[in-house]
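Right, one structure below, let's go through it.
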Amino acid sequence: MTRGYWRRALPVYLMIVPGLLFFIVFKYIPMVGISIAFMAYSPFDGIGGSEWVGLRNFHRLFAEGDFLALLRNTLMLNLFDVLFFFPAPILVAVLLNEIKAKRFKAAVQTILYAPNFISWVVIVGITILLFATGSGGINQLLAGWGFERIELMTDPSYFRWVWLLQNVWQGAGWGAIIFLAALAAVDPLLYEAAAIDGANRWRMLWHIALPALRNVIVVLLILRMGHVMDLGFEHIFLLQNSMNLDVSEVFETFVYKVGMTQGDYSYSTAVGLFKSIVGLIMVLFVNRLAKQTGQEGVF
Amino acid sequence: MKKTALLMLAVCMAWGVTAGCANKNEDRSAASGSPAGSEGAQTEKVKIDMVIASWKGGGWPDNNHPIIQYIDKKFNVDLQIQWVPNANFVEKLNVIAASGKMPDVIRLDSPALFLKWASQGAFLDLQPYLSQYPTLQKIATPEEWALLNPQGKVYGIPIYETAQNTIYVRADWLDKLGIPRPEADAFTIDQFYEIAKAFATQDPDGNGKPDTYGFSALGNAMNLGMPELQAAFGIANGWKEEGGELIPAQVQSKEWKAYLNFMQKAYQEGVLDKDFVTNTNFNEKYAQGKIGFADMHYQFSRQTTQELQKIAPNAEFARLSPPIGEGGARGNSTPSSGKIKVVLGKDMNAQKRDRILELLDWWVSAEGEDILKNGIEGVHYRKGADGTYEMTDTLKAEGEGRQSLMWNWILRGNTNTFNIYKWSAPEWAQGMEQSIEDARKYPYRNVAEGYLPSSPAYAEKGSTLGDKFLKAVVEIIAGKKPVESIDDAIAEWKSSGGDQIIQEVNAAYKAKA
Numbered sequence: 001m002t003r004g005y006w007r008r009a010l011p012v013y014l015m016i017v018p019g020l021l022f023f024i025v026f027k028y029i030p031m032v033g034i035s036i037a038f039m040a041y042s043p044f045d046g047i048g049g050s051e052w053v054g055l056r057n058f059h060r061l062f063a064e065g066d067f068l069a070l071l072r073n074t075l076m077l078n079l080f081d082v083l084f085f086f087p088a089p090i091l092v093a094v095l096l097n098e099i100k101a102k103r104f105k106a107a108v109q110t111i112l113y114a115p116n117f118i119s120w121v122v123i124v125g126i127t128i129l130l131f132a133t134g135s136g137g138i139n140q141l142l143a144g145w146g147f148e149r150i151e152l153m154t155d156p157s158y159f160r161w162v163w164l165l166q167n168v169w170q171g172a173g174w175g176a177i178i179f180l181a182a183l184a185a186v187d188p189l190l191y192e193a194a195a196i197d198g199a200n201r202w203r204m205l206w207h208i209a210l211p212a213l214r215n216v217i218v219v220l221l222i223l224r225m226g227h228v229m230d231l232g233f234e235h236i237f238l239l240q241n242s243m244n245l246d247v248s249e250v251f252e253t254f255v256y257k258v259g260m261t262q263g264d265y266s267y268s269t270a271v272g273l274f275k276s277i278v279g280l281i282m283v284l285f286v287n288r289l290a291k292q293t294g295q296e297g298v299f
Numbered sequence: 001m002k003k004t005a006l007l008m009l010a011v012c013m014a015w016g017v018t019a020g021c022a023n024k025n026e027d028r029s030a031a032s033g034s035p036a037g038s039e040g041a042q043t044e045k046v047k048i049d050m051v052i053a054s055w056k057g058g059g060w061p062d063n064n065h066p067i068i069q070y071i072d073k074k075f076n077v078d079l080q081i082q083w084v085p086n087a088n089f090v091e092k093l094n095v096i097a098a099s100g101k102m103p104d105v106i107r108l109d110s111p112a113l114f115l116k117w118a119s120q121g122a123f124l125d126l127q128p129y130l131s132q133y134p135t136l137q138k139i140a141t142p143e144e145w146a147l148l149n150p151q152g153k154v155y156g157i158p159i160y161e162t163a164q165n166t167i168y169v170r171a172d173w174l175d176k177l178g179i180p181r182p183e184a185d186a187f188t189i190d191q192f193y194e195i196a197k198a199f200a201t202q203d204p205d206g207n208g209k210p211d212t213y214g215f216s217a218l219g220n221a222m223n224l225g226m227p228e229l230q231a232a233f234g235i236a237n238g239w240k241e242e243g244g245e246l247i248p249a250q251v252q253s254k255e256w257k258a259y260l261n262f263m264q265k266a267y268q269e270g271v272l273d274k275d276f277v278t279n280t281n282f283n284e285k286y287a288q289g290k291i292g293f294a295d296m297h298y299q300f301s302r303q304t305t306q307e308l309q310k311i312a313p314n315a316e317f318a319r320l321s322p323p324i325g326e327g328g329a330r331g332n333s334t335p336s337s338g339k340i341k342v343v344l345g346k347d348m349n350a351q352k353r354d355r356i357l358e359l360l361d362w363w364v365s366a367e368g369e370d371i372l373k374n375g376i377e378g379v380h381y382r383k384g385a386d387g388t389y390e391m392t393d394t395l396k397a398e399g400e401g402r403q404s405l406m407w408n409w410i411l412r413g414n415t416n417t418f419n420i421y422k423w424s425a426p427e428w429a430q431g432m433e434q435s436i437e438d439a440r441k442y443p444y445r446n447v448a449e450g451y452l453p454s455s456p457a458y459a460e461k462g463s464t465l466g467d468k469f470l471k472a473v474v475e476i477i478a479g480k481k482p483v484e485s486i487d488d489a490i491a492e493w494k495s496s497g498g499d500q501i502i503q504e505v506n507a508a509y510k511a512k513a
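Protein sequence lines correspond, in order, to chains A and B.
Sequential numbering from 1 applies to the first sequence in our numbering.
Sequential numbering from 1 applies to the second sequence in our numbering.
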């Protein structure tokens with residue numbers, strides 16, 4: 001560590017400072033608040049004045065009659081998400097990549113990712129307008145033609161599919177952008193060489209396009225696993241009604257009801273902490289799995 | 001070297017921007033200060049923060065409203081009202097509480113929250129000061145002041161409430177189908193159903209499509225938004241008293257079965273709105289002109305009629321009375337005054353406390369009511385040459401009633417004239433008062449209102465258990481489950497906490513009696 005080294009390196013270190021400060025101030029210091037998960041927290045007594053209760057809030061969570069239902073609903077929706085929603089943008093990207101007409105491709109792409117800018121309130125509102133059992137346009141058509149009405153919004157067996165399809169409609173086009181970028185980086189020579197070797201479209205897809213995407217897919221999948229307990233509160237909350245609660249109550253909506261509307265901060269913090277820990281374990285696990293199968297992990 | 005210096009400068013600047021932001025809004029109150037008013041000239045200006053729930057139409061856009069300016073001047077205060085949409089109000093209050101900065105004045109519509117925070121010592125005890133403010137003291141009875149409070153303490157100012165809602169009907173539909181308007185003393189639940197079925201099947205709006213319903217309901221409230229129907233079947237409005245015991249509606253198996261049979265049939269026959277499960281309010285449903293019977297109050301009925309007349313010129317929602325069930329059971333949901341409170345934060349100094357109480361004492365006086373309800377003469381209304389009053393164009397553009405937000409959404413006296421203004425048409429004023437008088441003829445109260453929040457089991461599980469019970473009710477009505485399965489829901493409600501709630505509420509009831 002000579003003087004010369006520091007003279008060269010100091011600006012680089014200084015550049016880290018704002019980012020570091022951001023994390024310390026907005027991410028690390030607020031972690032002190034986690035301590036209220038172990039208290040019977042009262043906002044008027046503050047963190048210093050509230051009583052410590054150890055793991056009581058966690059006991060309550062695991063003893064809660066609904067715990068298993070919450071866990072099942074959360075995991076089921078995530079399973080749907082990873083199985084069906086996660087591959088959707090990849091599919092969109094690969095298909096778009098096959099389109100040769102530039103203008104057409106740009107137009108399709110824009111149409112596909114426009115829904116990303118529509119808020120959930122609007123999307124759910126439109127869905128209800130279309131599919132409501134009595135006044136929904138589609139059900140009125142069905143009834144007019146003599147078919148039976150479909151209780152899409154209230155029958156619990158449809159809930160997961162409605163949720164999933166709305167996700168795909170809103171997010172698949174936008175999610176494809178990153179995969180398209182990876183595909184654009186593929187050397188066109190590879191395709192030419194493959195064509196000369198007599199490879200058809202499927203072969204090229206299998207041996208050139210997909211391998212080019214492999215790293216991106218693995219990294220995104222690992223990051224996705226960190227959110228295995230998060231589903232996006234707003235969307236689910238808007239879709240909830242008293243008929244589908246059996247399948248639609250997840251940790252996030254539960255935390256909201258307990259913490260925000262009933263003011264039970266300690267309990268809802270405990271539930272949140274539990275969620276985070278499960279997420280962390282999943283990330284570590286999948287990262288390890290990726291490394292063992294010869295992929296690069298995220299750390 | 002030069003590069004390094006530049007970089008340092010950049011970092012410092014980035015720092016400076018954030019640091020600069022921090023104290024930007026500190027001197028705002030000083031800047032907005034107007035010349036001190038006549039009365040408070042010798043005293044110091046006091047800033048008062050209020051957090052208030054806003055309803056349809058939202059609060060005033062800023063705190064420069066003429067009425068606020070009038071109060072600021074008269075009492076030498078800087079009144080800052082923060083309006084929060086009612087749907088997010090409890091959530092917002094919880095966030096405020098979590099931040100530890102209690103506003104000076106809050107209107108608390110949730111008794112559970114009031115009790116919880118009162119027990120945590122968040123509110124100022126008003127008992128020692130009340131006798132100095134006789135006008136304020138007179139707005140409620142001693143029982144109403146005591147409601148929800150521990151012995152000898154008064155943690156909030158009780159809000160006067162009255163029954164207003166009852167059953168209304170599309171009078172034009174009755175005429176079209178040639179059905180006479182039901183008499184108040186003979187309007188049975190069977191007649192209600194018969195007419196509702198006619199509305200659903202005989203195309204009362206004349207568009208040739210079977211797209212009308214007898215009545216609608218809400219999927220997110222235990223009374224399904226139509227408490228009059230549950231009253232007719234003898235289901236308690238929450239809790240009822242019988243033989244010295246308080247009994248919750250959730251255990252009334254026989255009554256629920258009769259009610260659910262009625263509702264299930266209504267759903268099957270298309271008399272009840274097929275979309276009731278996803279309804280969260282009635283505003284649009286009624287205004288679209290597809291529903292025959294409605295639960296509403298006078299003002300809502302006038303507004304809805306006005307909107308309806310844009311699509312159907314003869315449309316009119318006319319007032320009926322609650323339908324009569326077996327054994328004469330009937331009622332309009334009747335709230336208990338004092339359940340809603342206006343509370344003061346405990347941390348204020350004596351000067352601020354006295355100033356706020358002085359303000360509130362004036363608020364409910366005749367002079368205060370005049371200003372807070374009618375607004376400022378010359379701004380909101382004018383006196384004509386013939387001595388009658390009329391709204392100014394400003395208020396007409398804004399909408400009648402927009403001047404009375406502080407009176408109706410924060411604190412008001414115990415009269416039924418809260419929607420009647422100096423310029424109101426006599427017919428409106430009379431209709432309004434008559435409607436309230438009629439609604440009060442059939443009281444349907446929750447008798448446990450004062451005791452419920454003292455049950456810890458209710459505080460912890462009450463709303464979750466309620467949601468589950470409601471789910472069973474909704475499923476049965478929608479025909480997913482047989483009516484008998486309500487017994488399972490009752491058993492589950494009792495075993496997963498209901499029995500404990502019953503026991504605790506009755507203990508509190510007997511301790512007070």
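Yeah, the Cβ is synthetic: ideal placement off N, Cα and C, and Gly gets one too.
Nothing here was measured: the structure is a model prediction, and the numbers come from that model.
Using the rule of at least 16 other Cβ atoms within 10 Å of the residue's Cβ for burial, across every protein chain shown, is residue i buried or exposed?
i             : result
residue 52/A  : exposed
residue 263/B : buried
residue 81/B  : buried
residue 421/B : buried
residue 25/B  : Confidence at residue 25/B is low in this model, with a pLDDT of 38, below 50, so the placement of that residue is unreliable and no value is reported for it.
residue 388/B : exposed
residue 32/A  : exposed
residue 131/A : buried
residue 183/A : buried
residue 29/B  : The predicted model places residue 29/B with a pLDDT of 38, which falls under 50 and marks its position as unreliable, so this point remains unresolved.
residue 246/B : buried
residue 230/B : buried
residue 72/A  : exposed
residue 241/A : buried
Which residue wins for smallest C-alpha separation from residue i, given the options the options?
i             : options                    : result
residue 395/B : 354/B, 380/B, 428/B, 191/B : 380/B
residue 46/A  : 56/A, 35/A, 55/A           : 35/A
residue 376/B : 454/B, 412/B, 392/B, 143/B : 392/B
residue 324/B : 191/B, 74/B, 465/B, 103/B  : 191/B
residue 464/B : 257/A, 274/A, 264/A        : 257/A
residue 117/B : 501/B, 434/B, 351/B, 343/B : 343/B
residue 296/B : 417/B, 288/B, 319/B        : 319/B
residue 467/B : 489/B, 374/B, 442/B, 481/B : 489/B
residue 262/A : 453/B, 178/B, 57/B         : 453/B
residue 329/B : 378/B, 235/B, 407/B, 383/B : 235/B
residue 218/A : 291/A, 194/A, 162/A        : 291/A
With H, G and I counted as helix, E and B as strand and the rest as coil, what does DSSP make of residue i?
i             : result
residue 182/B : coil
residue 314/B : coil
residue 264/B : helix
residue 159/B : coil
residue 39/B  : Model confidence at residue 39/B stands at a pLDDT of 45, short of 50, so the residue's coordinates are unreliable; what they give is reported in the following sentence. It is coil, neither helix nor strand.
residue 85/B  : strand
residue 538/B : Residue 538/B falls outside the range modelled here, since chain B spans only 1 to 513, and no answer is possible.
residue 271/A : helix
residue 410/B : coil
residue 51/A  : strand
residue 33/B  : Any reading at residue 33/B needs caution, since the residue's pLDDT is 37, under 50, leaving its predicted position unreliable; the model's value is listed next. Coil.
Sort out for me which residues DSSP pairs residue i with in a bridge.
i             : result
residue 345/B : 123/B
residue 391/B : 381/B
residue 240/B : 247/B
Kindly indicate if chain C contains any beta-carbon less than 8 Å away from that of residue i.
i             : result
residue 265/A : Although the question refers to chain C, the structure presented lacks it and instead comprises the protein chains A and B.
Q | Chain-ordered residues of the segment 236–259 of chain A with a beta carbon less than 7 Å from chain B | A | 241, 242, 243, 245
Q: Could you name the residues of the segment 65–93 of chain A whose beta carbon sits closer than 9 Å to any beta carbon of chain B, in the order they occur along the chain?
A: 65, 66
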